Amino acid sequence: MDPFVPELRRILWFGLTLPANSIVMYSKENTRELQKITEAFIKKMGAAGMTASDAENLRDVLRFHEYRYYVLNDPLIADFEYDHLYKALEKIEAADPALITVDSPTQRVAKGLTKEFPTVQHLVPMLSLDNSYNGDDLHDFDRKARELTGLPVIEYCVEPKFDGGSISLIYENDMLTRGATRGDGVEGDEVTTNIKQIRSLPLSAKFSSYGLQQVEIRGEVLINKTNFAKYNEYLTEQGLSPLANPRNAAAGTLRIKDSAEAAKRNLEAFVYHVSYFSLIQGKKIPDALLTHSGSLAMLWELGFRSPQQEKKLFKGIEGVINYCSEFEAGRDDLPYEIDGMVIKVNDIALQDKMGMTSHHPRWAIAYKFKARQGTTRLLKIEYQVGRTGAVTPVAKLEPVAVGGVTVSSISVHNEEYIREKDLREGDMVLIERAGDVIPQIVKSLPDVRTGEEKKIEFPTVCPECKSKLFKEAEEAVWRCINIECPAQVVERIIHFVSKDAMDIRGFGEANVRKFYELGLLKDIPGIYTLNFDTIADLEGFKEKSIQNLKSAILQSKQQPLHRLIYALGIRFVGETTAKTLAQTVSHLLEFKNYSLEALQNLEDVGPKVAGSIHHFFSNKSNIAMLEHLEELGLSLKNEKKQIPSATGLAGQTFLFTGTLPTLKRSDAENMVEENGGQILSGVSAKLNYLVVGEDAGSKLEKAKKINSVKIISEAEFLQIIGKK
Ligand code: IVH
């Protein structure tokens with residue numbers, strides 16, 4: 073039987089057809105059918121609602137859309153539509169738990185914490201790969217392969233070498249029964265619950281259509297670069313230490329005890345090898361498993377993300393070498409990290425003939441890209457003071473080239489990070505620059521210590537102004553709380569003139585530092601009283617540049633109030649909160665009279681933010697500074713507040729998440745504001761609409777838990793504001 077033409081099952085209520093049992097293979101026809109059923113379901117939800125008889129079809133539909141989203145990266149429905157369908161299935165299953173199947177999309181969600189991960193034995197040991205670094209190495213590999221097989225030309229399959237954590241999966245009778253980490257290659261940790269959180273891995277797959285009963289497959293778990301950056305941002309916000317690279321993040325997540333937490337990290341997986349299979353009685357080995365490329369195609373057909381589109385076949389090694397270089401050149405454009413390519417003899421019978429060493433198969437080799445890791449010496453730690461007084465330790469390194477970039481200093485974040493990594497001055501350290509990720513210290517190398525290394529003592533006083541440092545209980549960061557501290561003053565001025573704040577072009581960080589050091593600029597109001605005669609005498613300042621600077625400073629006086637508020641650098645007040653504040657008052661100094669409670673009543677302002685705003689406006693020197701700016705011609709008034717503008721959305725709050733199909737986020741936000749609505753920065757009960765695009769993450773999850781928040785698509789948003 074052709075495995076791609078499964079038996080068909082009639083779906084009575086639509087007269088549409090789907091494969092015989094609930095695990096669907098995604099041929100073109102199936103795609104059309106599934107999409108029709110999806111649309112009918114979406115319509116039906118608005119009307120009569122779902123019934124128990126819909127459970128199986130709903131599961132098929134949900135699986136199909138998971139596949140479109142997570143494997144093909146090409147969704148056919150909006151996230152919120154998926155969510156509605158998912159909720160409908162959850163409701164049906166909750167009403168009648170007998171309807172639940174182990175591979176239902178609702179069954180990925182785990183309950184409770186895993187106590188420990190049992191050790192399990194792999195059906196076939198997970199070997200490593202031999203490495204090659206250049207064309208000569210690959211020529212050697214090809215020569216040996218020809219010798220071992222006795223063939224003049226060999227066909228190779230070349231695919232990316234994914235840089236994550238390796239996994240081994242067992243499917244039995246089409247169901248995922250076990251997922252394990254590599255461990256020592258013979259035994260690994262059983263991490264099935266966390267593996268189930270990876271939506272690009274199907275919980276069931278129709279291996280039986282290939283005559284297979286039990287299958288062990290290998291793959292790599294990854295976190296893409298965007299999700300990794302988001303995750304590190306989140307860690308930093310929480311005062312925790314960021315992770316060195318996506319590989320550590322992915323591998324670490326597999327062993328996390330709380331699978332709900334694992335789900336949040338949005339792991340992805342590629343599968344690239346069938347290491348073991350047993351046949352259903354009476355079936356013969358399927359043609360797909362006679363070649364490596366056939367196995368990749370089979371996995372792809374079954375709904376896995378295999379490197380089906382990335383792989384390429386070559387007769388002989390020359391094409392292989394070119395393909396490896398091509399891929400290396402485009403490495404940074406990929407959404408996930410790869411550290412090389414894997415070259416595999418395509419014919420499985422030849423693979424068996426060539427065999428393996430105890431370490432690696434003789435029929436495959438990794439071609440490693442230029443290293444993005446390097447070792448160097450940590451010379452000393454310097455401390456930088458930011459505009460909010462946060463003291464950040466920075467490791468000064470003996471310069472080292474890593475992936476084409478020379479690195480000589482790296483942030484080491486906070487005191488705890490230094491302790492966790494056991495860093496000492498004089499240590500040799502391993503550093504890594506993972507793609508577009510900022511370089512990080514992976515670890516120190518204690519084995520090569522000489523005894524001369526010095527323990528790092530975090531300062532107790534500010535390195536700039538010598539006032540005592542403070543740390544709040546739940547924070548990792550030490551702070552200088554002297555607002556006159558010169559380092560903070562300079563950083564505040566740099567922020568004030570920056571592009572997203574008052575946007576004073578031609579000022580820039582270097583000029584702020586120079587003018588400050590020369591005593592020409594002491595504080596923010598000083599920007600507006602600069603002595604240009606003195607500046608004209610400085611090296612590098614021509615008449616034209618002075619003219620430009622003068623006019624940029626003058627123009628900045630016209631900036632709207634929300635930009636000025638943001639430019640003040642009040643802790644926790646980002647651009648969105650600045651807009652909220654600007655809309656609240658007619659004159660900025662009205663905030664002097666706002667109580668903490670009144671501030672907290674503002675849309676989008678929680679206790680932490682309110683505390684910071686209150687603190688700012690209770691400080692006499694801040695008020696004096698604002699009065700001074702007003703005297704200098706800056707407007708503290710909310711010019712717009714007096715003029716009622718478009719009010720179609722008055723009182724309505726919006727938030728955007730994910731990538732919108734057609735609108736730029738900033739344009740969409742402007743549309744809301746132009747229509748009298750308001751943008752919030754986070755999901756709360758105060759939010760009326762969450763507009764979701766592609767890749768919507770935690771905001772959507774949170775919004776789903778608050779009944780009053782309406783989750784809408786871009787199209788619906790455009791309808792609301794009357795653009796469609
Ligand atoms: S094949 C017996 N293919 O790289 C064949 N491995 O450094 C085993 N890896 O342990 C591996 N991408 O975890 C293979 N496309 C790919 C791979 C790949 C990443 C990992 C795998 C292996 C390690 C060796």
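In the working numbering, the protein residues as written are 73 to 796.
Yeah, the Cβ is synthetic: ideal placement off N, Cα and C, and Gly gets one too.
As the structure is a prediction and not an experimental result, all values here were calculated from the model.
* Chain-order list of residues whose beta-carbon lies under 7 angstroms from that of Lys416 (same chain, five-residue window excluded) -> Position 344 of the sequence shown, counting from 1, holds the residue named residue 416. Only Tyr228, Cys229, His364, Trp435 and Ala436 meet the Cβ criterion.
* Asked: Where does Phe300 fall in DSSP's three states?
  -> Taking the sequence shown and counting its residues from 1, one reaches residue 300 at position 228. If DSSP states are grouped into helix, strand and coil, Phe300 belongs with the helices.
* Asked: Is Ser272 helix, strand or coil when you go by DSSP?
  -> Walking along the sequence shown from the start, residue 272 turns up at place 200. Looking at Ser272 - three-state DSSP - the assignment turns out to be coil, as it is neither helix nor strand.
* Of the choices Arg491, Ser658 and Asp572, whose alpha-carbon is the least far from that of Leu312? -> Position 240 of the sequence shown holds residue 312. Selected option, being the one with the closest Cα: Arg491.
* Secondary structure at Ile513, three-state DSSP: helix, strand or coil? -> In the sequence shown, the residue the question calls residue 513 occupies position 441. Strand, per DSSP.
* Asked: Can you give the Cα-Cα distance for Ser347 and Ile239, rounded to whole angstroms?
  -> Looking up residue 347 in the sequence shown gives position 275. Looking up residue 239 in the sequence shown gives position 167. Approximately 12 angstroms, taken between the alpha carbons.
* Asked: If you draw a straight line from the C-alpha of Lys776 to the C-alpha of Glu165, how long is it?
  -> On the sequence shown, position 704 is the one that residue 776 refers to. On the sequence shown, position 93 is the one that residue 165 refers to. Each residue's alpha carbon lies about 19 angstroms from the other.
* If you draw a straight line from the alpha carbon of Gln179 to that of Gln269, how long is it in whole angstroms? -> Your numbering for residue 179 matches position 107 in the sequence shown. Your numbering for residue 269 matches position 197 in the sequence shown. Using only the alpha carbons, I get a separation of about 9 angstroms.
* Should Val143 be listed as close to the ligand IVH, given that the test is whether its C-beta is under 7 angstroms from any heavy atom? -> In the sequence shown, residue 143 corresponds to position 71, counting from 1. Because no heavy atom of the ligand IVH lies under 7 angstroms away, the Cβ of Val143 does not count as near it: no.
* Less than 8 angstroms between the CB atoms is what I'm expecting for Gly375 and Tyr98, so what's the real figure, rounded? => For the purposes of this step, residue 375 is taken as the residue at position 303 of the sequence shown. For the purposes of this step, residue 98 is taken as the residue at position 26 of the sequence shown. Contact holds; Cβ gap of about 6 angstroms.
* So does the stretch 653-669 actually touch the stretch 728-736, counting three or more Cβ pairs closer than 8 angstroms? -> no
* To do: Pull up the distance between the alpha-carbon of Glu244 and that of Asp424, whole angstroms please.
  => Walking along the sequence shown from the start, residue 244 turns up at place 172. Walking along the sequence shown from the start, residue 424 turns up at place 352. Distance between the alpha carbons of Glu244 and Asp424: 24 angstroms.
* Taking Lys629 as the reference, give the member of Gly705, Ser617, Asp359 and Glu669 with the closest Cα. => Position 557 of the sequence shown, counted from the start, is the residue given in the question as residue 629. Per the Cα distances, Gly705.
* **Own chain, CB closer than 7 angstroms to Asn418, minus 5 neighbours either side, in chain order** => Residue 418 sits at position 346 when you count from the first residue of the sequence shown. Here the set comprises Glu227, Tyr228, Cys229, Thr363, His364, Ser365 and Leu385.
* **the stretch 250-257 touching the stretch 400-417, judged by at least three CB pairs closer than 8 angstroms** => no
* To do: Put Gln380 into one of helix, strand or coil per three-state DSSP.
  => As a first step, residue 380 must be located in the sequence shown, where it is residue number 308. If DSSP states are grouped into helix, strand and coil, Gln380 belongs with coil.
* Using 7 angstroms as the cut-off, classify the Cβ of Tyr344 as near or not near the heavy atoms of the ligand IVH, replying yes or no. => As a working mapping, residue 344 is identified with position 272 in the sequence shown. Checking every heavy atom of the ligand IVH against the Cβ of Tyr344, one is found closer than 7 angstroms.
* Taking C-alpha atoms, which residue in Asn583, Trp550, Glu547 and Ala545 lies nearest to Glu563? -> The count along the sequence shown starts at 1 and reaches residue 563 at position 491. Closest option to Glu563, Cα to Cα, is Asn583.
* Can you name, in chain order, every residue of its own chain whose Cβ lies under 7 angstroms from the Cβ of Val263, other than the five neighbours on each side? -> Here residue 263 refers to the residue found at position 191 when the sequence shown is read from its first residue. The answer, listed in chain order, is Phe189, Gly251, Ala252, Thr253, Leu326 and Arg327.
* Is Lys384 near the ligand IVH, judged by its Cβ being under 7 angstroms from some heavy atom? -> In the sequence shown, counting from the first residue as 1, residue 384 sits at position 312. Because no heavy atom of the ligand IVH lies under 7 angstroms away, the Cβ of Lys384 does not count as near it: no.
* Pairwise C-alpha distance: Glu373 and Pro78 -> Translated into positions along the sequence shown, residue 78 becomes position 6. Translated into positions along the sequence shown, residue 373 becomes position 301. Only weak support exists for where Pro78 lies, its pLDDT of 31 falling under 50; the value from the coordinates is given anyway. Their backbone Cα atoms lie some 12 angstroms apart in a straight line.
* Should the stretch 453-467 be called in touch with the stretch 522-538, which here means at least 3 C-beta pairs below 8 angstroms? -> yes
* In the structure shown, what three-state DSSP assignment does Ile528 receive? -> Here residue 528 refers to the residue found at position 456 of the sequence shown. Three-state DSSP puts Ile528 in coil, outside helix and strand.
* DSSP beta-bridge partners for Asn203? -> Stepping through the sequence shown from its first residue, residue 203 is reached at position 131. Paired residues: Ala438.
* Asked: Curious, which full-length alpha helix (DSSP H) runs of at least 4 residues does the stretch 646-719 contain?
  -> 647-656, 668-672, 679-689, 692-703 and 711-714
* Identify whether Gln791 lies in helix, strand or coil by the three-state DSSP scheme. => Along the sequence shown, read from residue 1 onward, the residue named residue 791 stands at position 719. Helix.
* To do: Using only the heavy atoms of the ligand IVH, determine whether one of them is closer than 7 angstroms to the beta carbon of Ala182.
  => Against the sequence shown, residue 182 aligns to sequence position 110. The answer is no for Ala182.
* Return yes when the Cβ of Cys552 is within less than 8 angstroms of the Cβ of Val463, no when it is not. => Against the sequence shown, residue 463 aligns to sequence position 391. Against the sequence shown, residue 552 aligns to sequence position 480. Cβ atoms of Val463 and Cys552: closer than 8 angstroms.
* Under the criterion of a Cβ to heavy atom distance below 7 angstroms, does Val414 qualify as lining the ligand IVH? -> Against the sequence shown, residue 414 aligns to sequence position 342. Because some heavy atom of the ligand IVH lies under 7 angstroms away, the Cβ of Val414 counts as near it: yes.
* Just grab the DSSP bridge partners of Met428 for me. => Sequence index remark: in the sequence shown, residue 428 carries index 356 (1-based). DSSP lists Pro433 as partners of Met428.
* Contact set for Phe728: own chain, Cβ-Cβ below 6 angstroms, skip 5 residues either direction -> For the purposes of this step, residue 728 is taken as residue 656 along the sequence shown, with counting starting at 1. So the qualifying residues of the chain are Arg737, Ala740 and Val763.
* Asked: What first and last residue would you give for the alpha helix (DSSP H) that runs through Ile446?
  -> As a first step, residue 446 must be located in the sequence shown, where it is residue number 374. Reading off the sequence shown, one finds Gly at residue 446, where the question assumed Ile. Counting along the chain, Gly446 falls outside any alpha helix (DSSP H), though it belongs to the beta strand (DSSP E) covering Gln445 to Val457.
* To do: Kindly list the residues whose CB is nearer than 7 angstroms to the CB of Val293, restricted to its own chain and excluding five residues on each side of it in sequence; keep chain order.
  => Start at 1 with the first residue of the sequence shown, and residue 293 comes out as number 221. Excluding sequence neighbours, Val293 sits near Gly236, Gly237, Ile239, Ile270, Ala322, Leu326, Leu339 and Ala341.
* What is the DSSP secondary structure of Tyr306, reduced to helix, strand or coil? -> The residue you call residue 306 lines up with position 234 of the sequence shown. DSSP places Tyr306 in helix when its eight states are reduced to three.
* Work out the CA separation of Leu636 and Arg17 for me, nearest whole Å. => Missing from the structure shown is residue 17; the chain here goes from 73 to 796 and no further.
* **Beta-ladder partner(s) of Ala467, from DSSP** => Within the sequence shown, numbered from 1, the residue matching residue 467 stands at position 395. According to DSSP, which records beta bridges pairwise, Ala467 is partnered with Ile453 and Ile482.
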